[in-house]
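Asker: For reference, the structure I am asking about is given below.
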Amino acid sequence: MILLDYEEESGYREFRPHYPKRQRLPPVVLLCKDMMPDIRTMGESAKAFPEDIKFLSEAIVHEFGNDEYFNNALLKTFRAVVLEQPHKQPGIALLIMVLNSFKPEIGKSVLNYFFDQLQELMNSSHDASYETQSHDTGPWNKAKLILRLLSIMSPMISPDDLIGLYKKFFEFAIELNNASDAKRSPLSEAIYTNTLLNVPYLFYFSSEHQETLKGMVEELLASVESDYHIKDTDLELLKPYNKNSPYEPVHWVKAILSNVKNALANDMQQVRDLFLNYDSLLAKQETVHSFNEPLNLPTLEQIAEFAGLDKGFGSVDSLWKTPRYSFEVYLPNSVGPFATVIPITTYAGMLFQDILIDIIESMEFNRIEVARQLVTIDLFFKSGIFTEPGLSVAQLLEQFEENPTASTFKIEDLAVGAILELTFKLPTVSQSFAYFYSLLVEICKNSPKAIAPVFGRAFRFFYNNLDKLDFELKARFLDWFSIQMSNFNFSWKWNEWENDSIQWGQTTTYNPRMIFIKNLIRKELRLTSNSADVEESVTDEFQKYMNPSFITRDNLINYYASLFKDEFVLDESDLRNNELYFRSPSFPFHEDVTRLLDFFHKQPDTRTVGELEDILKDITESNSAIIQDVNRFAVTLLIQTVVFCGSRSLSHANKYIDDSKKELAAVLDQLEVSQEIKDQWICEAVVRYWDSNSQTGYLILDSFRYNGLVSNKAVLNFSLTEQYGVNMSLVDSTSIESIFRLLNEMAVTEDKNVELFEYVFNRLVAAANTVVGEIGTADPIVAPDLESEIQTTEQELPLLDLAWKYEGIMSFLKSILRKYADEYSVLTEQFIGNALQSITHEPTKQQLSRYISEVSQL
């Protein structure tokens with residue numbers, strides 16, 4: 001009953017708001033809201049696991065079949081766990097088999113559901129209309145995971161039916177492999193490897209027909225070994241290291257069979273040491289089920305256009321598009337006489353890597369949960385595989401000395417290594433870099449004391465191998481390192497790198513470590529509004545790199561001085577960061593420049609081109625006595641004035657450029673100078689203005705490109721041209737990013753401008769030819785390994801720097817050929833021939849010839 005403050009008859013209304021009655025949820029919905037989360041987290045507590053199985057199985061037996069809502073919720077929850085958290089599959093399989101022992105019709109229903117799911121995946125694998133989301137790992141990867149679940153459920157499934165499934169997948173892989181002749185079949189290798197990886201799961205639980213299964217598996221593996229012929233594919237373009245790789249990469253398709261056979265050897269000792277023993281929780285399976293119908297895989301004709309796994313069918317499936325090799329960061333013996341990561345040459349090492357990657361990719365929508373699951377995966381395997389979580393290297397060394405037989409494998413190393421493998425995947429990553437970088441940040445935030453040292457060892461590993469690392473991967477490492485630093489107060493032990501700075505900092509230009517250090521500090525300065533944070537973090541030795549300028553102060557002064565005749569003396573104090581030099585009070589015609597500024601500040605519809613022309617004419621004619629080149633000065637003044645007006649932010653810059661493009665174009669068109677020269681002046685004007693933040697300068701140049709005021713080729717030319725004796729496309733990250741950003745844009749346009757790709761290639765080849773000529777040798781050019789002590793005389797140092805420059809150019813060429821393989825593959829043979837014909841250095845020609853020949857295989 002609602003009490004009123006006043007009688008309604010008195011004309012007063014009720015002032016209490018009316019709320020709709022809260023609708024009571026049906027009991028079955030409430031039950032699902034309570035039960036399904038328990039199923040998703042089952043196994044995270046080892047102590048509670050037996051009780052969870054008992055409680056959940058009793059509840060499901062009571063409810064299943066009574067309400068369609070409950071049935072669907074249960075099956076979809078099973079499916080989600082199976083596909084998104086494969087490490088929890090044994091728990092799900094156990095629960096299903098317990099249900100089967102209580103009520104076989106439930107077991108049969110669940111089995112039918114997953115078989116139908118498997119058939120749907122096979123149907124979608126050749127459906128051109130199939131749409132994926134970012135967390136979709138692909139139909140073949142999901143088929144792998146459903147087959148794994150069915151394998152774990154072997155006690156309740158007919159051995160003939162299970163092995164029949166395996167035979168179908170293997171036969172299909174062999175058929176695909178044979179159909180591609182000498183060329184590898186990406187889908188064949190994926191199916192072959194994924195199916196083999198599941199074989200040991202057939203023996204997860206003991207069963208009455210285990211011996212029968214063993215015999216059938218032995219026969220099956222022998223058949224596969226004789227019928228599946230692995231094709232050698234050693235692609236230089238895909239190698240993360242250009243020389244002297246710190247480890248021997250493991251080819252997954254070559255290692256998987258021996259790993260599986262070793263796991264099954266010695267009465268499956270490796271399997272027993274790996275999997276948890278849940279046999280005591282499993283009741284005897286009185287009812288063994290068969291599949292209702294055979295699985296229908298696509299035909300060769302149906303799958304032909306999808307067998308390259310390049311149709312965007314899923315993140316993990318796409319990993320197989322190119323040959324899949326191991327990527328290692330935490331090498332054996334790097335911290336002591338032991339390994340901290342399970343070797344990929346073992347079944348356990350390969351399985352853990354597979355599961356970790358599946359979790360990362362399939363749960364991309366929940367970064368926080370992924371970060372938690374990755375470092376707790378050890379809970380779902382036998383204890384003793386990993387050492388105690390969070391153990392420091394010092395503690396690990398001490399433990400190893402006390403007991404050399406104890407495990408030294410760190411779950412943190414394994415988890416971080418898996419994310420880094422995906423982050424550094426060549427030729428392309430499966431998700432956005434932002435996801436991988438933020439995931440690494442999230443893991444570190446969860447356990448900073450345990451994870452920070454793990455990151456530190458990865459940092460050191462990549463830094464120590466920078467002179468060998470692929471050009472594109474150096475950029476990815478720089479991005480990851482800088483983001484990590486900015487998220488953790490820029491703290492790093494810079495003194496570790498001081499010797500490199502002392503030895504190479506002032507004497508070389510192209511030393512890979514010094515390039516990295518300088519770019520890292522500049523990038524950190526750009527990532528914070530308070531440069532003091534960065535300044536406080538670096539040691540005294542590195543303070544000299546705190547200047548973020550694109551070119552040196554002296555060269556900047558020379559640039560502005562070159563605009564005027566000798567009788568004009570430049571006031572150097574007026575050259576300040578992010579400031580228009582020409583409006584300085586000491587500048588002779590700063591008042592006329594103010595008129596120019598006022599013009600651009602007006603609303604576009606209140607000004608005319610004629611007005612702009614008059615202002616510019618007054619300035620140039622009145623001051624011709626001191627201006628060196630009127631045209632060049634006019635371009636520089638106009639462009640820098642517009643840039644200054646929009647200097648508050650990129651959005652402001654875009655607005656002013658967009659508002660002024662017609663007037664600028666009209667004035668620029670009147671200049672009797674070639675477009676190429678005008679473009680060069682525009683690029684210089686923008687980047688010189690933003691000398692203290694060249695990233696902003698290049699982004700503003702992009703806006704000039706989009707507005708048709710400067711050509712794409714001009715921006716590439718600016719980045720690729722040596723400036724004051726330095727090739728910025730090899731040493732400055734913002735210049736490199738600009739080149740890749742522009743080429744990325746061209747690569748996704750419908751009317752691809754392959755001329756730009758040809759232009760970049762030719763410019764880099766020309767740069768390589770020049771360096772070879774300066775070195776003056778016919779022998780291969782290989783700089784000494786930076787991990788070794790390098791002793792050079794003052795006379796030898798320039799040649800060493802040139803060798804680093806040469807390696808940088810060749811690595812850049814390798815990266816663009818790989819990254820834009822589609823674009824370079826359509827260029828004519830004549831282009832390739834002409835490009836190689838211009839090279840007189842035989843080792844260079846041979847190396848580029850190999851890169852070019854591999855482009856079509858990507």
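Using full-length UniProt numbering, the letters of the sequence shown map in sequence onto residues 1 to 858. By construction, the Cβ of each residue, glycine as well, lies at the ideal position given by its N, Cα and C atoms.
1. Alpha carbon to alpha carbon, what distance is there between V748 and V826?
2. Taking residue 945 as part of the alpha helix (DSSP H), name the residues at either end of that continuous run.
3. Run through the segment 234 to 284 for me and flag every whole alpha helix (DSSP H) of 4 or more residues, listed as ranges in chain order.
4. Can you give me the start and stop residues for the alpha helix (DSSP H) that P404 sits inside?
5. Taking Cβ to Cβ, would you say F352 is nearer than 8 angstroms to I359?
6. What does the alpha-carbon distance come out to for the pair S226 and I174?
7. State the DSSP-derived secondary structure class of H289, mapped to helix, strand or coil.
8. Identify whether I419 lies in helix, strand or coil by the three-state DSSP scheme.
9. Going by Cα to Cα distance, which pick from M363, N194, W492, L699 is closest to S537?
10. For A803, I'd like the list of residues in its chain whose CB is within less than 6 angstroms of its CB, leaving aside the five on either flank, ordered along the chain.
11. Would DSSP call V81 helix, strand or coil?
12. For a minimum of 4 consecutive residues, which ranges assigned as the alpha helix (DSSP H) are wholly contained in the segment 687 to 739?
13. Quick check: what's the CA-CA separation for N712 versus A93?
14. Under the three-state reduction of DSSP, which class applies to F380: helix, strand or coil?
15. In whole angstroms, give me the CA-to-CA distance for V630 and V673.
16. If we ignore side chains and look at the alpha-carbon of each, how far apart do N266 and E218 end up?
17. Give the straight-line distance between the Cα atoms of L671 and S703, rounded to the nearest whole angstrom.
18. Leaving out the 5 sequence neighbours to the left and right, which residues in its chain are closer than 8 angstroms to I357 when beta-carbon positions are compared?
19. Which of helix, strand or coil does DSSP assign to E842?
20. On the three-state DSSP scale, how would you describe L563?
21. Using the Cβ count rule (16 or more neighbours within 10 Å means buried), how would you classify K715?
22. Can you name, in chain order, every residue of its own chain whose Cβ lies under 6 angstroms from the Cβ of E63, other than the five neighbours on each side?
23. Give me the DSSP bridge partner(s) of Y325.
24. Quick check on D5: does DSSP put it in helix, strand or coil?
25. Can you tell me whether P200 is buried or exposed, with buried defined as 16 or more other CB within 10 angstroms of its CB?
26. Considering only C-alpha positions, which residue in the set I557, E567, L800 is nearest to Y581?
27. Thinking C-beta only, is T734 closer than 8 angstroms to S694?
28. If the criterion is Cβ atoms closer than 8 angstroms, does the pair F542 and S501 meet it?
29. At which residues does the alpha helix (DSSP H) containing I27 begin and terminate?
30. Counting only the same chain and skipping the five closest in sequence on each side, list residues whose C-beta sits under 6 angstroms from that of S134.
31. Three-state secondary structure (DSSP) at I53?
32. Taking the straight line between their C-alpha atoms, what separation do you get for V754 and E745?
33. Of the residues P27, N100, E131, K144, which one's Cα is nearest the Cα of Q117?
34. Between the segment 722 to 734 and the segment 509 to 524, can you find at least three pairs of beta-carbon atoms closer than 8 angstroms?
35. According to DSSP, which residues form a beta bridge with I342?
36. Alpha carbon to alpha carbon, how far is K805 from N198? Give it in angstroms, no decimals.
Answerer: To lay it out plainly:
1. Reading the sequence shown from its first residue, position 826 is the one you call residue 826. Reading the sequence shown from its first residue, position 748 is the one you call residue 748. Taking the straight line from one Cα to the other gives about 15 angstroms.
2. Any question about residue 945 goes unanswered here, given that the chain covers just 1 to 858.
3. Counting whole runs of 4 or more residues, the segment 234 to 284 contains the alpha helix (DSSP H) stretches 252 to 274.
4. Translated into positions along the sequence shown, residue 404 becomes position 404. Element bounds for P404: n/a, residue is neither H nor E.
5. Working through the sequence shown from its first residue, we reach residue 352 at position 352. Working through the sequence shown from its first residue, we reach residue 359 at position 359. Cβ distance not < 8 angstroms, so F352 and I359 don't count as in contact.
6. By 1-based counting over the sequence shown, the position of residue 226 is 226. By 1-based counting over the sequence shown, the position of residue 174 is 174. Distance from the CA atom of S226 to the CA atom of I174, rounded to whole angstroms, is 10 angstroms.
7. Against the sequence shown, residue 289 aligns to sequence position 289. Strand at H289.
8. The count along the sequence shown starts at 1 and reaches residue 419 at position 419. Three-state result, I419: helix.
9. Locating residue 537 in the sequence shown gives position 537, where the first residue counts as 1. Per the Cα distances, W492.
10. Numbered from 1 along the sequence shown, position 803 holds the residue referred to as residue 803. For A803, the CB contacts under 6 angstroms within the same chain, skipping 5 residues up- and downstream, are I781, A783 in chain order.
11. Along the sequence shown, read from residue 1 onward, the residue named residue 81 stands at position 81. Under the three-state reduction of DSSP, V81 is assigned to helix.
12. Considered as a whole, the segment 687 to 739 harbours 694 to 706, 712 to 720, 728 to 731 as its complete alpha helix (DSSP H) runs of no fewer than 4 residues, in chain order.
13. Position 712 of the sequence shown, counted from the start, is the residue given in the question as residue 712. Position 93 of the sequence shown, counted from the start, is the residue given in the question as residue 93. Taking the straight line joining both Cα atoms gives about 57 angstroms.
14. Within the sequence shown, numbered from 1, the residue matching residue 380 stands at position 380. Note: F380 maps to helix in three-state DSSP.
15. Here residue 630 refers to the residue found at position 630 of the sequence shown. Here residue 673 refers to the residue found at position 673 of the sequence shown. Near 11 angstroms, if we compare the C-alpha coordinates of V673 and V630.
16. As a working mapping, residue 266 is identified with position 266 in the sequence shown. As a working mapping, residue 218 is identified with position 218 in the sequence shown. Taking the straight line from one Cα to the other gives about 13 angstroms.
17. On the sequence shown, residue 671 is found 671 positions in, with the first residue counted as 1. On the sequence shown, residue 703 is found 703 positions in, with the first residue counted as 1. Going by the C-alpha atoms only, they are around 22 angstroms apart.
18. Residue 357 sits at position 357 when you count from the first residue of the sequence shown. Cβ neighbours of I357 beyond the five flanking positions: V316, L319, A418, E421, L422.
19. Along the sequence shown, one-based indexing puts residue 842 at 842. DSSP places E842 in helix when its eight states are reduced to three.
20. Within the sequence shown, the letter at position 563 stands for residue 563. The three-state reading of DSSP puts L563 in coil, since its state is none of H, G, I, E or B.
21. Translated into positions along the sequence shown, residue 715 becomes position 715. Strictly speaking, residue 715 in this sequence is Val, with Lys absent from that position. With a 10 Å radius around the Cβ and a threshold of 16 neighbouring Cβ atoms, V715 comes out buried.
22. Stepping through the sequence shown from its first residue, residue 63 is reached at position 63. By the criterion of a C-beta distance shorter than 6 angstroms, E63 is surrounded in its chain by F70, once the five residues flanking it on both sides are discounted.
23. On the sequence shown, residue 325 is found 325 positions in, with the first residue counted as 1. By DSSP's assignment, Y325 forms a beta bridge with H251.
24. Walking along the sequence shown from the start, residue 5 turns up at place 5. Caution is warranted here: a pLDDT of 38 is assigned to D5, below 50, making its placement in the model unreliable, and the coordinate value is therefore given only provisionally. Residue state for D5 is assigned as coil, using DSSP reduced to three classes.
25. What you label residue 200 is simply residue 200 of the sequence shown in a count that begins at 1. Under a 10 Å Cβ-count criterion, P200 is classified as buried, with 16 or more other Cβ atoms of the shown protein chains found around its own Cβ.
26. Residue numbering aside, residue 581 sits at position 581 when the sequence shown is read from its first letter. The shortest Cα separation from Y581 among I557, E567, L800 belongs to I557.
27. Position 694 of the sequence shown holds residue 694. Position 734 of the sequence shown holds residue 734. Taking C-beta atoms as the reference points, S694 and T734 count as a pair closer than 8 angstroms.
28. Residue numbering aside, residue 542 sits at position 542 when the sequence shown is read from its first letter. Residue numbering aside, residue 501 sits at position 501 when the sequence shown is read from its first letter. Between F542 and S501, the C-beta spacing is below 8 angstroms.
29. Position 27 of the sequence shown, counted from the first residue, corresponds to residue 27. This sequence places Pro at residue 27; Ile is not what is there. P27 -> alpha helix (DSSP H) spans 27 to 40.
30. In the sequence shown, residue 134 corresponds to position 134, counting from 1. Taking S134 as the centre and dropping the five residues before and after it, the same chain places the C-beta of E364 closer than 6 angstroms to its C-beta, in chain order.
31. Mapped onto the sequence shown, residue 53 falls at position 53. Residue state, collapsed to three classes: helix.
32. Translated into the one-based positions of the sequence shown, residue 754 becomes position 754. Translated into the one-based positions of the sequence shown, residue 745 becomes position 745. C-alpha separation (whole angstroms): 12 angstroms.
33. By 1-based counting over the sequence shown, the position of residue 117 is 117. When only C-alpha atoms are compared, the closest one is K144.
34. Cβ pair count under 8 angstroms is three or more, so yes.
35. The sequence position of residue 342 within the sequence shown is 342, counting from 1. In DSSP, I342 forms no bridge with anything.
36. Looking up residue 198 in the sequence shown gives position 198. Looking up residue 805 in the sequence shown gives position 805. For N198 and K805, the gap between their C-alpha atoms comes out near 47 angstroms.
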